[in-house]
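Per our numbering, the very first residue in the sequence shown carries number 217; after that it's consecutive.
Every residue gets a Cβ at the ideal spot worked out from N, C-alpha and C, and that includes glycine.
Small disclaimer: the values here were computed from a predicted structure and weren't measured.
Before any comments, here is the structure.
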Amino acid sequence: MRKLTRQQVILLHSELIKRTGGTNGIRDESLLDSALNAPFQGHADTDYFPSLQEKAARLGIGLVRNHAFVDGNKRLGAHIMLLFLSLNHIELEYTQDELSSIFLKVASGGFSCKDLFHWILFHQKGNSYIQENTAAFMVHEKDLKIKYR
217 MRKLTRQQVI
227 LLHSELIKRT
237 GGTNGIRDES
247 LLDSALNAPF
257 QGHADTDYFP
267 SLQEKAARLG
277 IGLVRNHAFV
287 DGNKRLGAHI
297 MLLFLSLNHI
307 ELEYTQDELS
317 SIFLKVASGG
327 FSCKDLFHWI
337 LFHQKGNSYI
347 QENTAAFMVH
357 EKDLKIKYR
């Protein structure tokens, strides 16, 4: 399993703010650490979030709801969730409007971690319903890489 480091998330946030606008900076470092560590917690031999999809959902929810950054928490939560999935060879098919709508619901509390997990499963590439009924955008790892100078 591949995951992003704290420093990578901070750099991605800075780049996201440069590209899309907003105020850069961390509002609460402990909330950032909590959001980044929660998906990988467990007890004894039991992971609280055993699948990659569950970990991704928890990561996205945590980054949005913990509000660790001054601005861009919804954008970052969506981006990091998708990047984590892509790094672990899981591709999703969805529209940008749908993704935006889902993360607005995540931020308002109208979409739970379990809901986001099910959304990921439903939109995972290879789901025959999606392939047959939706013209959707596919996320590829190369599309999510941000180059730093």
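Mind the definition here: the stretch 264-275 touches the stretch 233-249 only if three or more C-beta pairs lie below 8 Å; say whether that holds.
no
Going by other Cβ atoms of all chains shown within 10 Å of its Cβ, with 16 needed for buried, is H305 buried or exposed?
In the sequence shown, residue 305 corresponds to position 89, counting from 1. H305 is exposed by the Cβ-count criterion.
Quick one: Cα of S230 to Cα of H259, how far?
Your numbering for residue 230 matches position 14 in the sequence shown. Your numbering for residue 259 matches position 43 in the sequence shown. Cα to Cα, the separation comes out at about 34 Å.
Determine, using beta carbons only, whether I226 and G288 come nearer to each other than 8 Å.
To locate residue 226, count along the sequence shown from 1; it is residue 10. To locate residue 288, count along the sequence shown from 1; it is residue 72. The answer is no: Cβ separation not under 8 Å.
Given D331 as reference, the closest of L301, G237, E270, P266 once Cα atoms are compared
Stepping through the sequence shown from its first residue, residue 331 is reached at position 115. It is E270.
Going by beta-carbon coordinates alone, are F319 and K290 separated by less than 8 Å?
Counted from its first residue, the sequence shown places residue 319 at position 103. Counted from its first residue, the sequence shown places residue 290 at position 74. Contact: yes.
By alpha-carbon positions, which one of H295, E307, I336, R281 ends up nearest to V322?
For the purposes of this step, residue 322 is taken as residue 106 along the sequence shown, with counting starting at 1. Of H295, E307, I336, R281, the residue nearest in Cα terms is R281.
Looking at the strands, I want to know which residues DSSP matches up with G293.
On the sequence shown, residue 293 is found 77 positions in, with the first residue counted as 1. Within the DSSP bridge table, the entry for G293 names no partner.
Quick check: what's the CA-CA separation for S324 versus L292?
As a working mapping, residue 324 is identified with position 108 in the sequence shown. As a working mapping, residue 292 is identified with position 76 in the sequence shown. Whole-angstrom Cα-Cα distance: 16 Å.
Beta-carbon gap between A294 and A251 smaller than 8 Å
Counting from 1 along the sequence shown, the entry for residue 294 is found at position 78. Counting from 1 along the sequence shown, the entry for residue 251 is found at position 35. Taking the C-beta atoms as reference points, A251 is found no nearer than 8 Å to A294.
For I296 and L279, believed in contact at Cβ under 8 Å, the rounded distance
One-based indexing of the sequence shown puts residue 279 at position 63. One-based indexing of the sequence shown puts residue 296 at position 80. About 6 Å separates the two Cβ atoms, so the contact holds.
Can you give me the Cβ contacts of H339 inside the same chain, cut-off strictly under 7 Å, excluding the 5 residues immediately before and after it?
By 1-based counting over the sequence shown, the position of residue 339 is 123. Taken in chain order, the residues that qualify are L308, E309, Y310, I346.
Between which residues of its own chain and M217 is the CB-CB distance below 7 Å, once the five residues before and five after are set aside?
Numbered from 1 along the sequence shown, position 1 holds the residue referred to as residue 217. Around M217: L268, N304.
Express the C-alpha separation of I336 and L299 in angstroms, rounding to a whole number.
Along the sequence shown, read from residue 1 onward, the residue named residue 299 stands at position 83. Along the sequence shown, read from residue 1 onward, the residue named residue 336 stands at position 120. Distance between the alpha carbons of L299 and I336: 13 Å.
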